[in-house]
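Asks:
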Amino acid sequence: MPQIYLDNAATSRMKEEALDAMMPYFIEEYANPSSIHAMSRSPRAAVKKARAQIAECLNAEPSEIFFTSGGTESDNWALVSGAEMSEKRGKHIIITTIEHHAILETAKYLEKRGFEVTRVNVDSEGIVKLDELEKAIRPDTVLVSVMTANNEIGSIQPIAEIGRMLKGRGILFHTDAVQAFGHIPLDVKELGVDMLSASGHKFGGPKGVGFLYVRKGLRLPPFMHGGEQEEGRRAGTTNVPGIVGMGVAAEISCEDMEAKNDRMVKLRDHLIERVLGEIPYSRLNGHRTRRLPSNADFSFQFIEGESMLMSLGMKGVYVSTGSACASGSLDPSHVLLGIGLPHEIAHGSIRVSIPEDATMEQMDYAADALKTTVETMRSLSPLYDDFVKKQKVM
Ligand code: PLP
Numbered sequence: 174m175p176q177i178y179l180d181n182a183a184t185s186r187m188k189e190e191a192l193d194a195m196m197p198y199f200i201e202e203y204a205n206p207s208s209i210h211a212m213s214r215s216p217r218a219a220v221k222k223a224r225a226q227i228a229e230c231l232n233a234e235p236s237e238i239f240f241t242s243g244g245t246e247s248d249n250w251a252l253v254s255g256a257e258m259s260e261k262r263g264k265h266i267i268i269t270t271i272e273h274h275a276i277l278e279t280a281k282y283l284e285k286r287g288f289e290v291t292r293v294n295v296d297s298e299g300i301v302k303l304d305e306l307e308k309a310i311r312p313d314t315v316l317v318s319v320m321t322a323n324n325e326i327g328s329i330q331p332i333a334e335i336g337r338m339l340k341g342r343g344i345l346f347h348t349d350a351v352q353a354f355g356h357i358p359l360d361v362k363e364l365g366v367d368m369l370s371a372s373g374h375k376f377g378g379p380k381g382v383g384f385l386y387v388r389k390g391l392r393l394p395p396f397m398h399g400g401e402q403e404e405g406r407r408a409g410t411t412n413v414p415g416i417v418g419m420g421v422a423a424e425i426s427c428e429d430m431e432a433k434n435d436r437m438v439k440l441r442d443h444l445i446e447r448v449l450g451e452i453p454y455s456r457l458n459g460h461r462t463r464r465l466p467s468n469a470d471f472s473f474q475f476i477e478g479e480s481m482l483m484s485l486g487m488k489g490v491y492v493s494t495g496s497a498c499a500s501g502s503l504d505p506s507h508v509l510l511g512i513g514l515p516h517e518i519a520h521g522s523i524r525v526s527i528p529e530d531a532t533m534e535q536m537d538y539a540a541d542a543l544k545t546t547v548e549t550m551r552s553l554s555p556l557y558d559d560f561v562k563k564q565k566v567m
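In my numbering, the protein residues as written are 174 to 567.
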């Protein structure tokens, strides 16, 4: 049985070049880059190189990149420190309803600390409503955070337009680009963002390392307190191997992105066409074209996502659901509810996220597996049976 990994948005396989580049920094060049002796030179130079590799990918300057432990820390830092540094001017923050939990929960924490948070809606395709966002801006708004691309439905947000809307208004603008960095072209100057979060393991780097881009001139206070690493902005012994691996992964991911994405879009669209064309009562969630090249998120009526996931797993196809069952809640995904799906349809949803090395044959295998799984599950569903009988009568 083949093993087809279609859960790349959860985490990606490390690029071998990234792993190879990391190895010397565990065994031979293991010195602390903050030390003063000669052995610290090589790891220090390696961190410098990684900073430049990442900055290059974003059209940023190396001094604007601050290494963290991953997307969650970067998001927490941007929101908490961004809010704290501005609180004398106002205590109002704007986010969207479909942000990742790293933003949603941090916003809730800030509410407990006396901030007010407006959660702006998205349309039925998962794109933030710009008119609503503009109306939400108040004289005491100090921070806006809108994700670059959604982790479940892949919708790509109009970040540059929001950047232009906020320009010159003294409001900090953060974007969670964890699903976007290394996958779609990003230029911080065009986007007009003050802060941008990313995470190594989402683009072929190692887990447990990420970064926050902080625009030059913005004195974002530290979130982690301790040593003087990262110009005194992020304390903690530098994760040299992780940073080196992430730097190499970033460089490779950003090379020939257009050509790679053309190929990904072909794979994605083939899968989408087959699923929508061959499986009745199925729908694609998120925008048809303004979506990550690797993402296809489907809902199937009369089906329960978790059982589908298990059944696909038995056929060697590994995908995700958007529901929060793993966290002990039976509520469907806030993202699917956010685009207006009713509970029962949101429950029957799966996310397919395609790795770079996937093939057309794998897409066909996955489409066949989805088709037979849905057919089998519907054949056992009294709800579907009733529905079909009613259709015949009508
Ligand atoms: N933000 C988004 C959009 C994500 O998809 C994720 C991870 O799934 C995170 C933040 C958290 O990143 P990390 O796993 O590096 O903490």
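Built from N, CA and C at the ideal position, the CB exists for glycine as well.
Quantities reported herein were computed from a predicted structural model and do not represent experimental measurements.
Thinking MET195 and GLY418 are a contact (beta carbons under 8 Å), I'd like their distance in whole angstroms, please.
Replies: Rounded, the Cβ-Cβ distance is 4 Å, consistent with contact.
Asks: Would ASN412 be called buried (16 or more neighbouring beta carbons within 10 Å of its own) or exposed?
Replies: Counting Cβ neighbours within 10 Å, ASN412 comes out buried, since at least 16 surround it.
Asks: Answer with buried or exposed for ASN181, where buried requires no fewer than 16 other C-beta atoms within 10 angstroms of its C-beta.
Replies: Answer is buried; the Cβ neighbour count reaches 16.
Asks: How is ARG186 classed by DSSP in three states: helix, strand or coil?
Replies: ARG186 falls in the coil class under three-state DSSP.
Asks: Counting along the chain, where does the beta strand (DSSP E) carrying THR348 start and finish?
Replies: Residues 345-349.
Asks: Below 8 Å, how does it come out for the segment 504-515 and the segment 307-326: are there three or more Cβ pairs, yes or no?
Replies: Taking 8 Å as the limit for Cβ pairs, the verdict is that the segment 307-326 does touch the segment 504-515.
Asks: Inspect the beta-carbon positions of ARG262 and VAL315 and report whether they are closer than 8 Å.
Replies: In contact: ARG262 and VAL315 (Cβ atoms closer than 8 Å).
Asks: For a test of your reading of the model: does the CB of HIS374 fall under 7 Å from any non-hydrogen atom of the ligand PLP? Yes or no.
Replies: Result yes, Cβ under 7 Å from the ligand PLP.
Asks: Is it the case that the CB of ASP180 approaches a heavy atom of the ligand PLP more closely than 7 Å?
Replies: Flag unset: Cβ of ASP180 not near the ligand PLP.
Asks: What is the rounded straight-line gap between the Cα of ASP160 and the Cα of MET212?
Replies: Because the chain in this structure spans residues 174 to 567, residue 160 falls outside the shown range and cannot be described.
Asks: Say the cut is 7 Å; is the CB of HIS273 nearer than that to a heavy atom of the ligand PLP?
Replies: HIS273 Cβ: within cutoff of the ligand PLP.
Asks: If you draw a straight line from the C-alpha of GLU284 to the C-alpha of VAL290, how long is it?
Replies: C-alpha separation (whole angstroms): 7 Å.
Asks: How would you write the range of the beta strand (DSSP E) that LEU385 sits in, first residue to last?
Replies: Segment 383-387, the beta strand (DSSP E) holding LEU385.
Asks: From the DSSP secondary-structure annotation, give me the bridge partner or partners of MET368.
Replies: For MET368, which the question treats as bridged, DSSP gives the partners HIS347, VAL387.
Asks: Who pairs with PHE288 in a beta bridge, going by DSSP?
Replies: Paired residue(s): none; PHE288 is not in a bridge.
Asks: Can you look up PHE239 in the DSSP assignment and give me helix, strand or coil?
Replies: Looking at PHE239 - three-state DSSP - the assignment turns out to be strand.
Asks: At what residues does the alpha helix (DSSP H) containing ALA256 begin and finish?
Replies: It spans 244-259 - the alpha helix (DSSP H) in which ALA256 sits, taken as one unbroken run.
Asks: Taking the continuous beta strand (DSSP E) assigned at ARG456, which residues delimit it?
Replies: That run of the beta strand (DSSP E) goes 455-458.
Asks: Over what stretch of residues does the beta strand (DSSP E) that includes ARG438 continue unbroken?
Replies: In the sequence as displayed, the identity of residue 438 is Val instead of Arg. No beta strand (DSSP E) contains VAL438, which is instead part of the alpha helix (DSSP H) from 430-451.
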